[in-house]
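As structure tokens, the structure follows; a few thoughts come after it.
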Amino acid sequence: MEYIKSFKEPGCIFCDKPQQSNDRENLIVHRGQHCFVIMNKFPYNNGHLMIVSYRHEAQVENLTAAESQEMMALLQAAAAALKQTMAPHGFNIGMNAGKTAGAGIDDHLHFHLVPRWDGDTNFMPVIGHTKVVSEGLWETWEKLRKAFQAI
Numbered sequence: 035m036e037y038i039k040s041f042k043e044p045g046c047i048f049c050d051k052p053q054q055s056n057d058r059e060n061l062i063v064h065r066g067q068h069c070f071v072i073m074n075k076f077p078y079n080n081g082h083l084m085i086v087s088y089r090h091e092a093q094v095e096n097l098t099a100a101e102s103q104e105m106m107a108l109l110q111a112a113a114a115a116l117k118q119t120m121a122p123h124g125f126n127i128g129m130n131a132g133k134t135a136g137a138g139i140d141d142h143l144h145f146h147l148v149p150r151w152d153g154d155t156n157f158m159p160v161i162g163h164t165k166v167v168s169e170g171l172w173e174t175w176e177k178l179r180k181a182f183q184a185i
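This is the structure we're talking about:
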């Protein structure tokens with residue numbers, strides 16, 4: 035777990051990843067006009083998605099109306115795609131705005147959408163500091179990419 039906490043790519047991954055063309059490698063499952071949906075490389079749970087504006091912005095009050103509207107629309111579309119492909123029983127939805135609030139990337143706003151299933155909490159995260167993810171990132175990416183194309 036320590037390697038995840040200490041790992042930091044240079045620059046801003048939320049600015050850099052969408053400028054590249056390989057969406058699969060970069061785990062981008064959908065691109066909108068102002069925002070995009072990307073899988074979390076270190077997911078809290080299988081299917082953990084993030085909705086991110088293309089524009090580098092740290093303050094929620096500085097988002098444009100178009101960015102805010104598309105961010106919410108993509109959050110809804112992402113929830114629908116996850117329901118279609120993974121049938122979760124619920125979701126954790128949130129934004130940690132600022133380092134003090136717990137943001138790992140505190141200078142570029144993003145929503146987290148984490149699918150949850152009844153009984154998905156067990157002793158592993160508590161005792162072993164390890165989260166068991168039942169499906170590989172690429173397999174999940176393929177399913178979600180197809181679901182977004184259908185929406």
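For the sequence shown, the residue numbers in our numbering are 35 to 185. Using N, Cα and C, we set each Cβ at its ideal position, and we do this for glycine too.
Check the DSSP bridge columns for I47 and list the partner residues they point to.
DSSP output for I47 lists no bridge partner at all.
Could you spell out where the beta strand (DSSP E) holding R89 opens and where it closes?
Per DSSP, R89 belongs to no beta strand (DSSP E) and is neither H nor E.
At what residues does the alpha helix (DSSP H) containing N60 begin and finish?
D57 to N60
By DSSP, does L147 sit in helix, in strand, or in coil?
strand
Contact the stretch 122-129 vs the stretch 41-60: 3+ CB pairs below 8 Å
no
Let me know if W172 comes out buried or exposed under the rule of 16 or more other beta-carbons within 10 Å of its beta-carbon.
exposed
Over the uninterrupted alpha helix (DSSP H) stretch that includes F182, give me the two end residues.
L171 to A184
Per-residue burial, Y37 [other beta carbons within 10 Å of its own, 16 or more giving buried]:
Note that Y37 scores 46 on pLDDT, short of 50, meaning its location in the model is unreliable; the coordinates nonetheless yield the value given after this. With fewer than 16 other Cβ atoms within 10 Å, it is exposed.
When you compare each of D140, M129 and H64 to C46 by their alpha carbons, which one comes out closest?
D140
Close beta carbons around K75, own chain, < 8 Å, minus the five adjacent residues each side:
L61 and L171
Cutting at 7 Å between CB atoms, please list the residues of its own chain near W175, excluding the five before and the five after it.
R58, L61, V63 and M73
Is the CB-CB distance between A107 and H142 below 8 Å?
no
According to DSSP, is M106 part of a helix, a strand, or is it coil?
helix
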